[in-house]
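**Q** In the UniProt record's numbering, the protein residues as written are 1 to 333.
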């Protein structure tokens with residue numbers, strides 16, 4: 001069996017060394033179809049979104065499949081064009097370098113998107129203390145992860161595959177995954193705090209907010225598994241490619257979870273109307289709530305807040321839902 005020397009100076013079988021890359025590619029490619037279906041559903045259901053939001057979705061739908069194409073080219077380079085060439089197996093083709101950079105870009109784009117959404121929602125409903133502190137922290141962590149990912153991409157481009165256990169490469173991996181994990185945790189905790197059942201009342205919350213809340217939790221679980229899995233698998237075996245399946249699935253999960261949350265905006269039985277008003281007047285939000293049988297309830301206004309105290313939960317839900325949906329529809333700031 002063909003062998004090679006890895007970065008730890010160990011003689012390894014080539015098939016075993018590159019097996020993680022191959023199976024990670026197979027697994028991650030299966031997510032491309034899900035991304036395309038989610039993208040199709042988005043453009044079929046959300047024609048009223050701004051062009052900037054649509055441009056963001058189009059960019060993700062281009063970058064995400066591109067990473068799979070580039071990794072396919074990498075595998076083709078190793079095992080078809082240069083089959084049996086030992087020097088080629090130790091080199092890193094340009095397609096792998098570009099794939100790594102695109103993955104870092106997709107990850108940071110999604111994280112920055114959530115930072116802007118948290119800022120817009122909190123600015124409208126005023127749930128979190130200080131409008132900009134937490135979104136700024138999410139953005140800083142996302143930018144830090146992107147910088148670390150860019151540096152790692154440069155190192156991959158100038159080094160060979162037997163250099164992945166070097167301290168500099170190890171530092172970039174740790175920084176990229178740590179910053180990314182911190183950004184995701186901050187964004188998830190902020191959104192969960194805003195959408196928490198205890199804040200709006202479980203019995204009275206609209207199904208749309210419940211769906212967004214569940215998608216936020218599920219997204220956090222998935223991306224945390226990927227971030228922690230990649231970091232742990234790399235630190236345990238730095239001279240091997242066991243981290244590649246997590247790396248190859250990263251951009252897919254970020255794209256899929258974002259599109260799923262955007263598509264979840266449709267639904268719910270709550271219609272919110274916010275008529276124009278002078279900037280000095282009290283906010284007026286007219287609500288029309290449909291029950292399970294389609295009947296339309298009475299309208300209420302925040303002008304009646306002193307006399308209609310029971311209406312406060314509905315008003316809070318309506319304002320939160322309106323802010324959440326409109327912030328998602330407004331596109332990147």
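For every residue, glycine included, the Cβ atom is placed at its ideal position computed from N, Cα and C.
Being a predicted model, the structure only gives us computed values, none of them experimental.
By Cβ distance below 6 Å, which residues in the same chain neighbour residue 82 in space, the five residues on each side in sequence not counted?
**A** Sequence index remark: in the chain shown, residue 82 carries index 82 (1-based). Answer for residue 82: 88, listed in chain order.
**Q** Just to confirm my understanding: we take residue 249, look at its own chain, exclude 5 residues before and 5 after, and list those with CB closer than 8 Å. What are they?
**A** For the purposes of this step, residue 249 is identified with residue 249 of the chain shown, where counting begins at 1. So the qualifying residues of the chain are 24, 27, 28, 31, 226.
**Q** Is residue 92 helix, strand or coil when you go by DSSP?
**A** Numbered from 1 along the chain shown, position 92 holds the residue referred to as residue 92. Here residue 92 sits in coil by DSSP.
**Q** Indicate whether residue 57 and residue 42 have their beta-carbon atoms separated by less than 8 Å.
**A** To locate residue 57, count along the chain shown from 1; it is residue 57. To locate residue 42, count along the chain shown from 1; it is residue 42. Against a cut-off of 8 Å, the Cβ pair of residue 42 and residue 57 comes out as a contact.
**Q** Grab the span of the alpha helix (DSSP H) containing residue 129 for me, first residue to last.
**A** Counting from 1 along the chain shown, the entry for residue 129 is found at position 129. First-last for residue 129: undefined, no H or E at that position.
**Q** Check whether the Cβ atoms of residue 176 and residue 148 sit closer than 8 Å, and answer yes or no.
**A** Stepping through the chain shown from its first residue, residue 176 is reached at position 176. Stepping through the chain shown from its first residue, residue 148 is reached at position 148. Yes, the pair counts as a contact, with Cβ atoms nearer than the cut-off.
**Q** Take residue 73 as the anchor and find which of 128, 93, 50 has the nearest alpha-carbon.
**A** Looking up residue 73 in the chain shown gives position 73. Of 128, 93, 50, the residue nearest in Cα terms is 93.
**Q** Does DSSP put residue 47 in a helix, a strand or coil?
**A** As a first step, residue 47 must be located in the chain shown, where it is residue number 47. If DSSP states are grouped into helix, strand and coil, residue 47 belongs with coil.
**Q** Leaving out five residues before and five after residue 156 in sequence, what residues of the same chain have Cβ atoms less than 7 Å from its Cβ?
**A** Translated into positions along the chain shown, residue 156 becomes position 156. So the list reads 92, 96, 97, 100, once near-sequence residues are dropped.
**Q** Rounded to a whole number of angstroms, what is the C-alpha to C-alpha distance between residue 178 and residue 62?
**A** What you label residue 178 is simply residue 178 of the chain shown in a count that begins at 1. What you label residue 62 is simply residue 62 of the chain shown in a count that begins at 1. One C-alpha to the other measures close to 26 Å.
**Q** Please report the residue range of the alpha helix (DSSP H) in which residue 172 lies.
**A** Translated into positions along the chain shown, residue 172 becomes position 172. 167-195 is the extent of the alpha helix (DSSP H) around residue 172.
**Q** Pop quiz: residue 228 and residue 181 are said to be a contact at Cβ under 8 Å. What is the actual Cβ separation, rounded to whole angstroms?
**A** Here residue 228 is taken as the residue at index 228 of the chain shown, counted from 1. Here residue 181 is taken as the residue at index 181 of the chain shown, counted from 1. In this structure, residue 228 and residue 181 form a Cβ contact; the two beta carbons are roughly 7 Å apart against a cut-off of 8 Å.
**Q** Alpha carbon to alpha carbon, how far is residue 214 from residue 151? Give it in angstroms, no decimals.
**A** Taking the first residue of the chain shown as 1, we reach residue 151 at position 151. Taking the first residue of the chain shown as 1, we reach residue 214 at position 214. If I take the Cα positions, the gap works out to 35 Å.
**Q** Can you give me the Cβ contacts of residue 112 inside the same chain, cut-off strictly under 7 Å, excluding the 5 residues immediately before and after it?
**A** Working through the chain shown from its first residue, we reach residue 112 at position 112. So the list reads 139, 142, once near-sequence residues are dropped.
**Q** For residue 241 versus residue 21, is the C-beta spacing smaller than 8 Å?
**A** For this step, residue 241 is matched to residue 241 along the chain shown. For this step, residue 21 is matched to residue 21 along the chain shown. In contact: residue 241 and residue 21 (Cβ atoms closer than 8 Å).
**Q** Note down the Cα distance separating residue 107 from residue 11, rounded to an integer number of angstroms.
**A** Within the chain shown, the letter at position 107 stands for residue 107. Within the chain shown, the letter at position 11 stands for residue 11. Roughly 34 Å separates the two Cα atoms.
**Q** Beta carbon of residue 60, beta carbon of residue 120: below 8 Å?
**A** Your numbering for residue 60 matches position 60 in the chain shown. Your numbering for residue 120 matches position 120 in the chain shown. No, these two residues do not count as a Cβ contact at 8 Å.
**Q** Taking C-beta to C-beta, are residue 257 and residue 223 nearer than 8 Å?
**A** The residue you call residue 257 lines up with position 257 of the chain shown. The residue you call residue 223 lines up with position 223 of the chain shown. For residue 257 and residue 223, yes; Cβs fall inside 8 Å.
**Q** Might you give, ordered along the chain, the residues of its own chain that have their beta carbon closer than 7 Å to the beta carbon of residue 195, omitting 5 neighbours on each side?
**A** As a working mapping, residue 195 is identified with position 195 in the chain shown. Counting only Cβ-Cβ distances below 7 Å, and skipping sequence neighbours, we find 209, 212, 213, 216.
**Q** Please confirm whether residue 134 and residue 190 have their CB atoms less than 8 Å apart.
**A** In the chain shown, residue 134 corresponds to position 134, counting from 1. In the chain shown, residue 190 corresponds to position 190, counting from 1. Against a cut-off of 8 Å, the Cβ pair of residue 190 and residue 134 comes out as a contact.
**Q** Excluding sequence positions up to five away, which residues of its chain have a Cβ less than 6 Å from the Cβ of residue 19?
**A** Counting from one through the chain shown, the residue named residue 19 turns up at place 19. Within the same chain, residue 19 has no close Cβ partners at all.
**Q** Are there 16 or more other CB atoms within 10 angstroms of the CB of residue 44, so buried, or fewer, so exposed?
**A** Within the chain shown, residue 44 is the residue found at index 44, counting from 1. By the 10 Å Cβ count, residue 44 comes out exposed.
**Q** Give the straight-line distance between the Cα atoms of residue 37 and residue 255, rounded to the nearest whole angstrom.
**A** Counting from one through the chain shown, the residue named residue 37 turns up at place 37. Counting from one through the chain shown, the residue named residue 255 turns up at place 255. Rounded to the nearest angstrom, the two C-alpha atoms are 12 Å apart.
**Q** Quick one: is residue 252 buried, meaning 16 or more other Cβ sit within 10 Å of its Cβ, or exposed?
**A** Along the chain shown, one-based indexing puts residue 252 at 252. Residue 252 is buried by the Cβ-count criterion.
**Q** What do you reckon, are the CB atoms on residue 161 and residue 90 nearer than 8 Å?
**A** Numbered from its first residue, the chain shown carries residue 161 at position 161. Numbered from its first residue, the chain shown carries residue 90 at position 90. Yes, the Cβ-Cβ distance between residue 161 and residue 90 is below 8 Å.
**Q** Going along the chain, which residues of its own chain have a beta-carbon closer than 8 Å to the beta-carbon of residue 364, five neighbours each way excluded?
**A** Since the first residue of the chain shown is 1 and the last is 333, residue 364 is not available in this structure.
**Q** Residues in its own chain within less than 8 Å of residue 159 by CB, not counting five upstream and five downstream?
**A** Taking the first residue of the chain shown as 1, we reach residue 159 at position 159. Within the same chain, residue 159 has close Cβ partners 92, 166, 169.
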